[in-house]
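Protein chains: 2
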Amino acid sequence: MPKLADRDTRHTQILEALLRVAGSQGLHAVTMRSVAAEANISLRLVQYYFETKEKLLLAALDHLAGRQRERIQTRVRDTDAPDDPRTIIEAVLTESLPTDQDSRTFHLVYTAYAVHAATDPALAAQPFLRAPDTMEHFLADQLRHAQRDGTLPPHRDAHTEAAILLALSAGLGTAVLLGQRTAENATTAISYHLDHLGLTRRPA
Amino acid sequence: MPKLADRDTRHTQILEALLRVAGSQGLHAVTMRSVAAEANISLRLVQYYFETKEKLLLAALDHLAGRQRERIQTRVRDTDAPDDPRTIIEAVLTESLPTDQDSRTFHLVYTAYAVHAATDPALAAQPFLRAPDTMEHFLADQLRHAQRDGTLPPHRDAHTEAAILLALSAGLGTAVLLGQRTAENATTAISYHLDHLGLTRRPA
DNA sequence: AAATCTTTGATACCGACGTATCAAAGCGAT
DNA sequence: ATCGCTTTGATACGTCGGTATCAAAGATTT
Chain A
0 MPKLADRDTR HTQILEALLR VAGSQGLHAV TMRSVAAEAN ISLRLVQYYF
50 ETKEKLLLAA LDHLAGRQRE RIQTRVRDTD APDDPRTIIE AVLTESLPTD
100 QDSRTFHLVY TAYAVHAATD PALAAQPFLR APDTMEHFLA DQLRHAQRDG
150 TLPPHRDAHT EAAILLALSA GLGTAVLLGQ RTAENATTAI SYHLDHLGLT
200 RRPA
Chain B
0 MPKLADRDTR HTQILEALLR VAGSQGLHAV TMRSVAAEAN ISLRLVQYYF
50 ETKEKLLLAA LDHLAGRQRE RIQTRVRDTD APDDPRTIIE AVLTESLPTD
100 QDSRTFHLVY TAYAVHAATD PALAAQPFLR APDTMEHFLA DQLRHAQRDG
150 TLPPHRDAHT EAAILLALSA GLGTAVLLGQ RTAENATTAI SYHLDHLGLT
200 RRPA
């Protein structure tokens with residue numbers, strides 16, 4: 000009784016199943032068998048689409064990164080001022096926090112991968128580890144725009160501030176993930192920090 | 000040819016071996032067998048002192064936390080002004096970064112545990128997860144002292160600032176661990192942030 | 001209708017790992 | 001010297017997990 004789905008559908012179906020398992024039981028619970036069961040398909044089919052577990056995991060990471068990017072873009076687009084640095088930055092940083100199940104899974108899996116990458120050269124060479132770098136440049140650009148706009152004092156070093164923002168957001172995210180802090184608490188801290196940076200909203 | 004060491008010596012010998020394995024190959028490489036091999040003793044003896052792997056891992060975590068606490072205390076004590084808030088805070092935060100092999104292992108193992116704790120209620124109940132809370136109160140106290148001393152502007156909220164410092168330090172630490180940032184870069188960022196807080200050194 | 005792609009099932013192999021067991025022997029203390 | 005604690009060795013059991021293989025059958029395309 001094969002239902003015959005096309006490759007892309009199957010791929011995402013399997014990857015989404017993987018993320019559900021990883022999100023609820025941790026990355027260590029992700030096995031070829033558990034993913035197959037979660038996706039309601041046979042183990043054999045998982046092997047059919049992703050020959051090895053390593054390929055499966057890397058594909059899942061790509062998928063995850065893509066969804067995260069989309070989430071952030073959507074969030075920025077939906078703000079009332081999608082061209083104001085303060086608005087953009089605050090949206091990006093708060094959307095990066097593990098607030099709902101989706102972003103929680105992202106944080107969890109990403110961190111788990113990162114820990115592996117710290118001792119596995121093959122994983123460390125993966126492109127997903129350069130995502131923060133891209134983000135840092137993006138934030139630094141926004142800060143420089145703000146300085147030109149006059150909504151950020153000129154004595155601030157955009158590059159360093161961007162690095163701080165990124166580390167702050169990551170640190171808060173981890174704390175939220177571990178239940179050491181609430182998401183509201185974290186967003187408040189981000190807002191507080193941006194205020195004290197002197198990064199103001201651009202008047203309409 | 001038993002050498003007959005006492006319990007404490009053996010315990011630390013085994014735990015240190017575990018940390019060496021975890022530090023170089025990751026927590027996933029920690030098995031009863033690999034620890035035994037690293038410690039140059041028989042598998043049976045590891046079982047003898049720590050009956051189950053779970054107990055072994057928890058003991059290792061305790062050991063690790065204790066060493067980290069000592070490291071920080073020593074570092075603070077060795078500064079030129081061990082009672083000045085700015086000096087203390089900067090020492091604590093920079094010592095928390097993974098600069099040498101020891102602190103690198105600490106970060107790596109702690110993060111690995113934390114990731115597990117996010118999906119394992121039994122691990123989440125462990126006391127080691129409350130360490131950041133203690134640290135946060137400590138930092139907030141120091142900031143309040145600074146405000147009384149006049150080395151920190153009164154409009155800063157000590158509690159929130161402490162939370163930000165902790166998250167910042169953790170986030171920078173992770174970035175250093177992953178090779179996305181150098182340790183020097185991270186210490187510079189911390190120093191920069193403290194400067195812009197308006198947290199100054201107390202004049203002698 | 002034939003050829004190709006998709007899907008399942010059953011099953012097997014092999015390695016790794018946690019755990020357990022038994023026997024034996026070295027060493028310290030009473 | 002006897003008793004108890006420590007240490008080793010060999011070994012085994014069960015489970016889990018990644019991977020592989022074979023046969024067969026449904027679906028799609030040509």
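Heads up: the protein sequence lines correspond to chains A and B, in order.
All residue numbers for the first sequence refer to numbering that gives the first Met the number 0, where the first residue is 0 and numbers rise by one.
All residue numbers for the second sequence refer to numbering that gives the first Met the number 0, where the first residue is 0 and numbers rise by one.
Where is the CB? At the ideal position from N, CA and C, for every residue including glycine.
Contact with chain A by residue i, beta-carbon distance below 8 Å
i, result
"L167 (chain B)", "yes"
"L198 (chain B)", "no"
"I163 (chain B)", "yes"
"A139 (chain B)", "no"
"G204 (chain B)", "Chain B is shown from 0 up to 203; residue 204 (chain B) falls before or after that span and cannot be answered."
"L96 (chain B)", "no"
"Q67 (chain B)", "no"
"L142 (chain B)", "no"
"P131 (chain B)", "yes"
"R117 (chain B)", "In the sequence under discussion, the amino acid at residue 117 (chain B) is Ala, which differs from the Arg named in the question. Yes, its Cβ sits closer than 8 Å to a Cβ of chain A."
"T73 (chain B)", "no"
"A64 (chain B)", "no"
"V114 (chain B)", "yes"
Option nearest residue i by Cα separation, candidates the options
i, options, result
"L107 (chain A)", "B:S102, B:T98, B:T118, B:Q100", "B:T118"
"A139 (chain A)", "A:R155, A:P126, A:R32, A:Q125", "A:R155"
"M260 (chain B)", "B:R68, B:L57, B:S33, B:P202", "Chain B is shown from 0 up to 203; residue 260 (chain B) falls before or after that span and cannot be answered."
"H62 (chain A)", "A:V75, A:H136, A:R19, A:T93", "A:R19"
"P152 (chain A)", "A:H144, A:I88, A:G197", "A:G197"
"H136 (chain A)", "A:H158, A:D79, A:A124, A:A145", "A:H158"
"A203 (chain B)", "B:D79, B:R6, B:S190, B:D101", "B:D79"
"T199 (chain B)", "B:D148, B:V175, B:R32", "B:D148"
"P120 (chain A)", "B:S190, B:T86, B:A185, B:L176", "B:L176"
"V114 (chain A)", "B:E15, B:S23, B:A16", "B:S23"
"S102 (chain B)", "B:I87, B:T86, B:A182", "B:A182"
Residue i and residue j closer than 8 Å at C-beta
i, j, result
"T98 (chain A)", "A21 (chain A)", "no"
"L142 (chain B)", "P81 (chain B)", "no"
"A188 (chain B)", "A36 (chain A)", "no"
"L122 (chain A)", "A116 (chain A)", "yes"
"R180 (chain A)", "L167 (chain A)", "no"
"E94 (chain B)", "R76 (chain B)", "no"
"I71 (chain B)", "A38 (chain B)", "no"
"R201 (chain B)", "T150 (chain B)", "yes"
"L165 (chain A)", "Y112 (chain A)", "no"
Burial state of residue i (16 or more Cβ within 10 Å)
i, result
"H192 (chain B)", "buried"
"T110 (chain B)", "buried"
"T173 (chain A)", "buried"
"G178 (chain B)", "exposed"
"E160 (chain B)", "buried"
"Y47 (chain B)", "exposed"
"E261 (chain B)", "In the structure as shown, chain B begins at 0 and stops at 203. Residue 261 (chain B) is therefore absent and cannot be evaluated."
"R9 (chain B)", "buried"
"A145 (chain A)", "buried"
"A124 (chain B)", "exposed"
Short CB-CB distance (under 8 Å) between residue i and chain B
i, result
"A145 (chain A)", "no"
"L151 (chain A)", "no"
"P1 (chain A)", "Low confidence applies here, because P1 (chain A) scores a pLDDT of 42, under 50, leaving its location unreliable; read the following figure in that light. Not one chain B Cβ lies under 8 Å of P1 (chain A)."
"D194 (chain A)", "no"
"T186 (chain A)", "no"
"H136 (chain A)", "no"
"D101 (chain A)", "no"
"Q125 (chain A)", "no"
"T110 (chain A)", "yes"
"Y48 (chain A)", "no"
Cβ-heavy atom distance, residue i to the ligand SAM, below 7 Å
i, result
"L26 (chain B)", "With respect to the ligand SAM, the structure offers nothing, as it holds no ligand at all."
Cα-Cα separation between residue i and residue j, rounded to whole angstroms
i, j, result
"F127 (chain A)", "L55 (chain B)", "33 Å"
"A58 (chain B)", "V91 (chain B)", "24 Å"
"M0 (chain B)", "R43 (chain B)", "Note that M0 (chain B) scores 38 on pLDDT, short of 50, meaning its location in the model is unreliable; the coordinates nonetheless yield the value given after this. Distance between the alpha carbons of M0 (chain B) and R43 (chain B): 15 Å."
"V29 (chain B)", "H195 (chain B)", "43 Å"
"Q100 (chain A)", "I40 (chain B)", "45 Å"
"K52 (chain B)", "H27 (chain B)", "12 Å"
"S33 (chain A)", "R6 (chain A)", "20 Å"
"V45 (chain A)", "M31 (chain A)", "7 Å"
"L96 (chain B)", "A169 (chain A)", "15 Å"
"E289 (chain B)", "L17 (chain B)", "Chain B is shown only over 0 to 203; residue 289 (chain B) falls outside these bounds and no answer can be derived."
"D25 (chain B)", "E15 (chain B)", "Note that residue 25 (chain B) is Gly in the sequence shown here, rather than Asp. So the two alpha carbons sit approximately 14 Å from each other."
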